[in-house]
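Single-structure report; data block below.
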Amino acid sequence: MKRWIKNFFLIAVAALLLAFAGFYIWSQQTYKPTEDLYNATSIQKKNTADGYLLFEPGNQKTNTGIIFYPGAKVEPEAYAYLAEQLAQRGYTAAIVKMPFNLAIAGINKAGNVIKDNPEITKWYLGGHSLGGASASIYAYDHQDTIKGLFLMAAYPTNSSDFSGTDFPILTIYGEKDGLATLDDIREKKHLLSEDTFFYQIKGGNHAQFGIYGNQKGDNEADINVYIQQDLIVNTIDRWIIMNQ
Numbered sequence: 001m002k003r004w005i006k007n008f009f010l011i012a013v014a015a016l017l018l019a020f021a022g023f024y025i026w027s028q029q030t031y032k033p034t035e036d037l038y039n040a041t042s043i044q045k046k047n048t049a050d051g052y053l054l055f056e057p058g059n060q061k062t063n064t065g066i067i068f069y070p071g072a073k074v075e076p077e078a079y080a081y082l083a084e085q086l087a088q089r090g091y092t093a094a095i096v097k098m099p100f101n102l103a104i105a106g107i108n109k110a111g112n113v114i115k116d117n118p119e120i121t122k123w124y125l126g127g128h129s130l131g132g133a134s135a136s137i138y139a140y141d142h143q144d145t146i147k148g149l150f151l152m153a154a155y156p157t158n159s160s161d162f163s164g165t166d167f168p169i170l171t172i173y174g175e176k177d178g179l180a181t182l183d184d185i186r187e188k189k190h191l192l193s194e195d196t197f198f199y200q201i202k203g204g205n206h207a208q209f210g211i212y213g214n215q216k217g218d219n220e221a222d223i224n225v226y227i228q229q230d231l232i233v234n235t236i237d238r239w240i241i242m243n244q
C-alpha cells in the first residue's frame with residue numbers, strides 16, 4: 001500500500017512538472033518586434049531591475065507617466081514606437097515585462113514602476129489585448145493612484161466593473177480586428193465608466209497595436225502599421241491632455 005501511494009505521488013509530481021514545462025515552453029513562443037521597429041526607434045531604453053523598459057523625455061521634466069502592459073506573449077519591445085513617441089511629447093513611458101509573457105501573471109507590476117519614479121504624480125495605465133484586461137484590474141483596485149485607464153483592443157474584466165463611476169477610460173479599437181472584435185467591444189461596454197471615450201481606427205487590426213508582424217486569428221489591416229501607431233499616440237496624447 002505504501003509503495004502504491006509513493007508511486008502515485010511520484011507520477012503526480014512528474015505530471016505536474018511536465019505540464020509546467022509544456023506551459024513554460026508555450027509561453028516563451030513569443031511575438032517578437034520586427035527588425036523594422038529597431039530602425040524606426042532611436043530613444044534610449046533603460047532595462048530596470050524591476051523588469052520594465054523606461055522611455056523618458058529628453059532634457060525635460062515631467063510629472064505625468066504612462067504604463068503599458070503588453071498583449072499575451074508579445075515582447076515588450078514591440079511597443080517601443082508608441083512609448084518613444086509619447087516620450088517625445090513629454091511623458092515618461094514604461095513598458096512592463098511580464099512573468100511568462102502574460103500580463104495576467106503580473107497584474108501588480110505597475111506598482112513597481114510607480115514606486116521607482118516618485119517624481120511622477122499623475123499615472124495613466126493601460127495595455128493591449130490581455131494586457132489591457134489585466135491593467136483594468138490594477139486600475140480598478142488603485143483608483144486613488146491611477147488617473148485613467150486606456151484599453152487598446154481590450155476591455156475590462158467582469159471583476160473590473162467601472163459602470164456608475166466617472167473614472168476616465170479610453171478605449172481604442174480597430175475596425176479590422178479579428179481577435180478583439182467590434183462585437184466583443186460592444187458586449188463589454190456595460191463595464192465601462194460614464195467617462196469613457198471611444199476611438200475606432202478605420203482599417204486598423206489587432207497586431208498593429210504593437211509592431212510584431214502578423215498574428216494568428218487576426219484580419220489583415222487596410223492601413224500601414226505606422227499610420228495605426230501614430231493614430232494611437234495622437235489619441236492617447238489628446239485624451240491625457242483632456243484629463244489633466
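All letters in the sequence shown, in the order written, are residues 1 to 244 by the numbering used here.
By construction, the Cβ of each residue, glycine as well, lies at the ideal position given by its N, Cα and C atoms.
Predicted model, so just to flag it, every value in this text is computed and none were measured.
How many angstroms separate the CA atom of residue i from the CA atom of residue j?
{"i": "Ala93", "j": "Asp183", "result": "31 Å"}
{"i": "Lys61", "j": "Arg186", "result": "39 Å"}
{"i": "Ile43", "j": "Pro76", "result": "Confidence at Ile43 is low in this model, with a pLDDT of 45, below 50, so its placement is unreliable and no value can be given for it."}
{"i": "Ala180", "j": "Phe55", "result": "28 Å"}
{"i": "Tyr91", "j": "Ala78", "result": "19 Å"}
{"i": "Val96", "j": "Ile67", "result": "7 Å"}
{"i": "Asp195", "j": "Leu231", "result": "21 Å"}
{"i": "Val113", "j": "Ile120", "result": "10 Å"}
{"i": "Val225", "j": "Lys73", "result": "19 Å"}
{"i": "Leu149", "j": "Ala110", "result": "12 Å"}
{"i": "Gly58", "j": "Ser136", "result": "30 Å"}
{"i": "Ile227", "j": "Gln143", "result": "32 Å"}
{"i": "Pro33", "j": "Tyr140", "result": "30 Å"}
{"i": "Asp161", "j": "Asn39", "result": "40 Å"}
{"i": "Leu53", "j": "Arg89", "result": "17 Å"}
{"i": "Asn158", "j": "Val233", "result": "27 Å"}
{"i": "Asp218", "j": "Lys176", "result": "8 Å"}
{"i": "Gln244", "j": "Leu170", "result": "14 Å"}
{"i": "Pro99", "j": "Gly51", "result": "10 Å"}
{"i": "Lys202", "j": "Asp116", "result": "37 Å"}
Bridge partners for residue i per DSSP, in chain order?
{"i": "Tyr173", "result": "Gln200"}
{"i": "Trp123", "result": "Gly65 and Ile146"}
{"i": "Ile95", "result": "Leu53 and Phe68"}
{"i": "Val225", "result": "Per DSSP, none; premise fails for Val225."}
{"i": "Val273", "result": "Past the edges of the chain, shown from 1 to 244, lies residue 273, and the structure says nothing about it."}
{"i": "Met152", "result": "His128 and Ile172"}
Can you say whether residue i is buried or exposed, counting buried as having 16 or more other CB atoms within 10 angstroms of its CB?
{"i": "Gly131", "result": "buried"}
{"i": "Asp166", "result": "exposed"}
{"i": "His190", "result": "exposed"}
{"i": "Met152", "result": "buried"}
{"i": "Pro168", "result": "buried"}
{"i": "Ala207", "result": "buried"}
{"i": "Pro118", "result": "exposed"}
{"i": "Phe23", "result": "The predicted model places Phe23 with a pLDDT of 42, which falls under 50 and marks its position as unreliable; any figure quoted below should be read in that light. Label assigned to Phe23: exposed."}
{"i": "Phe198", "result": "exposed"}
{"i": "Asn248", "result": "The chain is shown from 1 up to 244; residue 248 falls before or after that span and cannot be answered."}
{"i": "Pro156", "result": "buried"}
Using 8 Å for Cβ pairs, my map puts residue i next to residue j. What's the rounded Cβ distance?
{"i": "Gly174", "j": "Gly204", "result": "3 Å"}
{"i": "Gly126", "j": "Pro70", "result": "In fact, because the Cβ distance is near 11 Å, the residues do not count as touching under 8 Å."}
{"i": "Ala87", "j": "Leu37", "result": "Actually they do not touch by this definition, with Cβ atoms about 15 Å apart."}
{"i": "Ser129", "j": "Ile107", "result": "Ser129 to Ile107, Cβ: 15 Å. No contact."}
Is any non-hydrogen atom of the ligand FMN found closer than 7 Å to the C-beta of residue i, if you look at the structure I gave you?
{"i": "Thr62", "result": "For the ligand FMN, the structure offers nothing, since it holds no ligand at all."}
task = Could you tell me whether the stretch 234-241 touches the stretch 213-224, where touching means 3 or more Cβ pairs closer than 8 Å?
result = no
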